[in-house]
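These notes are about the structure you will find just below.
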Amino acid sequence: MEWDSSNERRGRQDFGYRVEVDIRIMTYCDIVVDACPKKDIQQTLEFARKMALEFGARLSVVAYAWPQYSDMRPLVGNALTAQLQEREMSDALDTARSIFDAVFGDNAVEAEWCSGIAEPNVALRDHLLTADLLITSASESKTCASPDAADLALRSGTPVLRLGTNMAEARFVNVLVAWKDCSQARRALHEALPILKLANKVTILGVGDEVSITSLEAVGEHIQRHGVTSDFRHIPSTQGEVDLDLVDQVHREGASLIVAGIYSRGEFAERLLGGVTKRLLKNTETAWLMAY
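Shown next, in the form of structure tokens:
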């Protein structure tokens, strides 16, 4: 069956009467785009624009500027310092807005702008309550605080697509799904289905003794019923660290996107990222669709 991303309905005859069957596939309808001040805003917005055209999505482009303090305290210091900091943040937001206007000036995509001076992770979570996806990037600003993609995925429940430095097109031709028998991997897999349907190659990868070949086969059969053709591969953990083996396989496969769950420890208010997640975040070259 050939899948169509439109909202088409196909009728069929069943038991002597006509039944309307909704063949609309899972898609992204509402996408939040991180436009917080950093050097690759234009690339991120251009990618989001192409993705919106691909899926017929509505974009909420949000930009929040905040001084780059490690403890994220409010603006402090004397009145002059506070004014200078506020002006610097306002200038950074003005620059981001001018890029937004240039990218979406043709009105081909429904995109709204929202900005302010606030800590980005806290402000962005409010926008993710009704979003299907957050698009952000691995880039950081030298002066402004950057959103934490993993923290946003953990605390909002919204899947996060973090673009890598090698990103070029809105379609991911070669996708690697990092599978582990757990809820986080399952969530990431399902949140990525609209992207997987458009890929030319999907590989389900299991690393080490925690994943069996039988399990990988079952995952492949499951997404086949969703219209996604895939191969699976099981490799031993040769380097003793799953993330190192995973990144090595990404380079071998030439994958442009990793689909993987986020793993954490501890109480919700003080989540600690698991070792694999922490080290995967250091791989800024490849895009990563993450979910918790």
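In the working numbering, the protein residues as written are 4 to 295.
Don't be surprised by glycine CBs; every beta carbon is placed ideally from N, CA and C.
All of these numbers come straight from a predicted model, not from anything done at the bench.
Determine contact between the region 148–160 and the region 84–93, defined as no fewer than three beta-carbon pairs at a distance below 8 angstroms. no
Counting Cβ pairs closer than 8 angstroms, one from the region 108–123 and one from the region 56–63, do we hit at least three? yes
Between Tyr295, Ala294, Tyr266, Ser259, which lies nearest to threonine 287 when the distance is taken from Cα to Cα? Ser259
Whole angstroms are fine: how far does the CA of aspartate 43 sit from the CA of arginine 27? Since pLDDT at arginine 27 reaches only 41, below the 50 mark, its modelled position is unreliable, and the value read off the structure follows with that caveat. Cα to Cα, the separation comes out at about 34 angstroms.
Nearest by alpha-carbon distance to isoleucine 138: which of Ala55, Tyr266, Asp251 is it? Ala55
Using 8 angstroms as the threshold, is the region 95–110 in touch with the region 168–181, meaning 3 or more CB pairs across them? no
Cβ of leucine 201 within 8 angstroms of Cβ of leucine 179? no
Backbone secondary structure at proline 123 - three-state DSSP: helix
Is the Cβ-Cβ distance between methionine 29 and leucine 192 less than 8 angstroms? no
Whole-Å CB distance - glutamate 166 paired with alanine 290, under 8 angstroms assumed: It is leucine, not glutamate, that sits at residue 166 in the sequence shown. 5 angstroms between Cβ atoms; contact.
Nearest to asparagine 203 (by Cα), restricted to the options Gly230, Trp182, Asp184: Gly230
Would you report the Cα separation of glutamate 224 and proline 70, rounded to the nearest angstrom? 48 angstroms
For phenylalanine 235, name the three-state secondary structure that DSSP assigns. strand
DSSP beta-bridge partners of methionine 29: According to DSSP, methionine 29 bridges with nothing at all.
Closest residue to alanine 111 among Ala51, Ala121, Ala141, Val35 (Cα-Cα distance): Ala51
For threonine 287, name the three-state secondary structure that DSSP assigns. coil
Does DSSP put arginine 282 in a helix, in a strand, or in coil? helix
Ordered along the chain, which non-local residues of its own chain (more than five positions away) have a Cβ less than 7 angstroms from that of alanine 126? Tyr67, Gly119
Inter-residue spacing [alpha-carbon to alpha-carbon] between leucine 247 and threonine 280: 11 angstroms
Boundaries (first-last residue) of the alpha helix (DSSP H) holding leucine 219: 216–227
Alpha carbon to alpha carbon, how far is serine 142 from isoleucine 226? Give it in angstroms, no decimals. 32 angstroms
Contact under 8 angstroms by Cβ, isoleucine 265 with alanine 153: yes
Spatially closest choice to glutamine 187 from Ala294, Thr206, Arg236, Asp33, by CA coordinates: Ala294
Taking only three categories from DSSP, how would you classify arginine 52? helix
Hey, how far is the Cα of valine 222 from the Cα of aspartate 37? 32 angstroms
In the DSSP assignment, find the unbroken beta strand (DSSP E) run with arginine 190 in it and report its ends. It is not in any beta strand (DSSP E) - arginine 190 instead sits in the alpha helix (DSSP H) that spans 186–194.
CA-to-CA distance, glutamate 49 to valine 106, given in whole angstroms: 6 angstroms
Candidates Cys39, Asp234, His130, of which the one nearest serine 101 by Cα: Cys39
Over the uninterrupted alpha helix (DSSP H) stretch that includes leucine 249, give me the two end residues. 245–256
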